[in-house]
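Numbering-wise (the working numbering), the sequence shown opens with residue 113 and increments by one. Each residue gets a CB set at the ideal place from its N, CA and C atoms; glycine is no exception. Just so you know, these numbers come straight off a predicted model, no measurement behind them.
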Amino acid sequence: MNHPQVPSPPVGCPAHNPGGVRMHALRFQEDPADLYGQLRREHGPVAPVLLDGDIPAWLVLGYREVHRVTTNPELFARDSRRWHAWDRIPDDWPLLPFVGYQPSVLFTEGAEHQRRSGAISDALSAADQFEVRAHSERVADELIDAFAGSGRAELMTEYASQVPLRVVARICGLEPSETADLERDMTASLDDGEGAVAAYGRIAAKMAELVQRSRREPKADVPSRMAAHPAGLSDEEIIQDMISIMAAGQQPTSNWIGNTLRLMLTDDRFAVTISGGRRSVSQALTEVLWEDTPTQNFIGRWASQDTRLGGQQIKKGDCVILGLAAANTDPQVRPDFTAGSAGNQAHLSFSHGEHRCPEPAPELAEIITKAAIEVLLDRIPDVVLSLPADEIEWRPSIWMRGVAALPVEFTPAHVSR
């Protein structure tokens, strides 16, 4: 990973602001919504924070401010080599997989970003959405068959974490035998533990193997389409972009499934219709994107020049974190779901602007998520939690929002498949 050696941050950046809150502190992980509210009250829509190792950054909490950042890529750019803190970043920094510059679509800008993101969109668009839905249902049925007869299951590890990876793996040309280790490494790379960097390295090696295989034996899959695309992508470009596709398709989608199931199993508004309620699934999916979005925070953008944002002085080279969860729950825009706002799609859960999730990735994620939930409720209509709702724990991550475990009970069902 390439990062230049540059001087320390200038006076005025959050490193010199005593109000900076440590994002890697346990409090941030346990009750982020409460902390977002406190930061908003104390600092307004943009707050000074400290990353691992007390590296300074700005967390954008306001909906309008996130919108401004994401629609001004020239001012708030994606190339992390602009960061003025690289001389303070150790080689084993946990967030290095997210911010260390690589030849990935995530760090490209301007015409180069259009070239790369266009190839990804074309490769994903060629996936038949009806086939994706059918395969999602088959995967869901296979997983449910494994626990249906027992009358109990832990839906995160046995179901929600596996459905999207198996579906995305098929779209990307991976064999079923290759998905177990990949799922483990994807989860580890997105958490805040010491193994994040090593897990990322294993993912990169697997994607390199996949790209080489696609060059030798092209198939109707995403890497083969990218290799043949008129954009003329190199192997390294495809490897890096496949990592982005796999990461975006697995953990956030798993959390979308898990968070939606949690909502439907704990909220009386959904419990009334849970046994029959296909109509309720769409409502729950949207509400989760607003209230418990799978990607809480996204790092990041780097200021290309001095500017002001949300009343704060942002210096050239400052790191800006998109607080997607905080923006979605900004009191100025937050929908009232008890008043029939379930169809409101103005959330920022897939980000915004030219660096948002490429089309049709959000649609594919929704197809997978909806299929997983509907098949589960069709097969096991009397599913209930095995513990009180207030005992459900969230994974300890400031970046992703997902329940750690979702134990359930139900009437044992016969497996006829």
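Span of the beta strand (DSSP E) around residue i
i, result
"Thr-419", "419–421"
"Ala-167", "The residue you asked about is not Ala; residue 167 is Ile in the sequence shown. Looking at the DSSP string, the run of the beta strand (DSSP E) that includes Ile-167 is 167–172."
"Ile-426", "424–426"
"Leu-162", "158–163"
"Ile-433", "431–434"
"Ala-415", "410–415"
"Val-520", "519–521"
Cα-Cα separation between residue i and residue j, rounded to whole angstroms
i, j, result
"Glu-466", "Asp-203", "30 Å"
"Ser-216", "Lys-428", "23 Å"
"Leu-434", "Asp-490", "37 Å"
"Glu-177", "Gln-425", "13 Å"
"Ser-416", "Arg-337", "34 Å"
"His-464", "Tyr-312", "26 Å"
"Ile-315", "Val-515", "23 Å"
"Tyr-271", "Gly-455", "27 Å"
"Ile-167", "Gln-363", "26 Å"
"Ala-197", "Phe-210", "15 Å"
"Gly-149", "Arg-193", "31 Å"
"Ala-189", "Glu-221", "7 Å"
"Asp-164", "Glu-486", "39 Å"
"Arg-468", "Pro-524", "42 Å"
"Asp-442", "His-155", "14 Å"
"Arg-134", "Arg-325", "43 Å"
"Pro-519", "Leu-497", "6 Å"
"Asp-240", "Ser-233", "13 Å"
"Asp-257", "Arg-250", "11 Å"
"Asp-380", "Pro-335", "44 Å"
"Phe-382", "Glu-521", "18 Å"
"Asp-448", "Ala-438", "16 Å"
"Gly-344", "Trp-402", "38 Å"
"Val-118", "Asn-184", "Confidence at Val-118 is low in this model, with a pLDDT of 36, below 50, so its placement is unreliable and no value can be given for it."
"Thr-419", "His-225", "24 Å"
"Glu-503", "Lys-331", "46 Å"
"Pro-160", "Leu-171", "6 Å"
"Met-319", "His-459", "31 Å"
"Leu-267", "Ala-517", "7 Å"
"Glu-287", "Val-309", "24 Å"
"Gly-212", "Ala-340", "28 Å"
"Pro-470", "Ile-350", "15 Å"
Residue i, DSSP secondary structure in three states
i, result
"Ala-197", "coil"
"Phe-259", "helix"
"Ile-351", "helix"
"Pro-202", "coil"
"Pro-472", "coil"
"Gly-230", "helix"
"Thr-269", "helix"
"Glu-186", "coil"
"Thr-378", "helix"
"Thr-481", "helix"
"Asp-446", "Note that residue 446 is Arg in the sequence shown here, rather than Asp. Of the three classes helix, strand and coil, the one that applies to Arg-446 here is coil, per DSSP."
"Pro-524", "coil"
"Thr-407", "strand"
"Arg-134", "strand"
"Arg-264", "strand"
"Leu-497", "strand"
Pick from the options that is closest to residue i, judged by C-alpha positions
i, options, result
"Ile-357", "Leu-236, Gly-344, Ile-433 and Cys-431", "Leu-236"
"Leu-476", "Pro-185, Val-487, Ser-248 and Arg-190", "Ser-248"
"Val-275", "Pro-342, Arg-325, Asn-367 and Gln-457", "Asn-367"
"Glu-478", "Ile-369, His-225, Ile-201 and Ile-256", "Ile-369"
"Ala-238", "Ala-501, Asp-199 and Pro-472", "Pro-472"
"Glu-505", "Arg-296, Gln-141 and Pro-157", "Gln-141"
"Met-354", "Gln-214, Arg-153 and Leu-208", "Gln-214"
"Val-432", "Leu-162, Ala-169 and Asp-146", "Ala-169"
"Asn-371", "Arg-507, Asp-293 and Leu-499", "Arg-507"
"Leu-421", "His-136, Val-181 and Ala-310", "Val-181"
"Asp-430", "Gly-361, Val-445 and Gly-412", "Gly-412"
Residue environment, residue i, which counts as buried when at least 16 other CB atoms sit within 10 Å
i, result
"Lys-482", "buried"
"Leu-405", "Looking at the sequence provided, one finds Thr at residue 405 rather than Leu. Its Cβ being crowded by 16 or more others within 10 Å, Thr-405 is buried."
"Pro-206", "buried"
"Leu-436", "buried"
"Trp-511", "buried"
"Arg-228", "buried"
"Ser-461", "buried"
"Ala-317", "exposed"
Start and end residues, alpha helix (DSSP H) containing residue i
i, result
"Gly-149", "144–155"
"Val-280", "275–283"
"Arg-513", "Run containing Arg-513: none; DSSP gives neither H nor E here."
"Glu-321", "308–328"
"Ala-343", "Counting along the chain, Ala-343 falls outside any alpha helix (DSSP H), and DSSP gives it neither H nor E."
"Ile-219", "Residue identity check: residue 219 is Phe in the sequence provided, not Ile. That residue, Phe-219, is in no alpha helix (DSSP H); it is neither H nor E in DSSP."
Residue i beta carbon near the ligand ZN (any heavy atom closer than 7 Å)
i, result
"Ser-229", "Looking for the ligand ZN in the displayed structure turns up nothing, as the structure carries no ligands at all."
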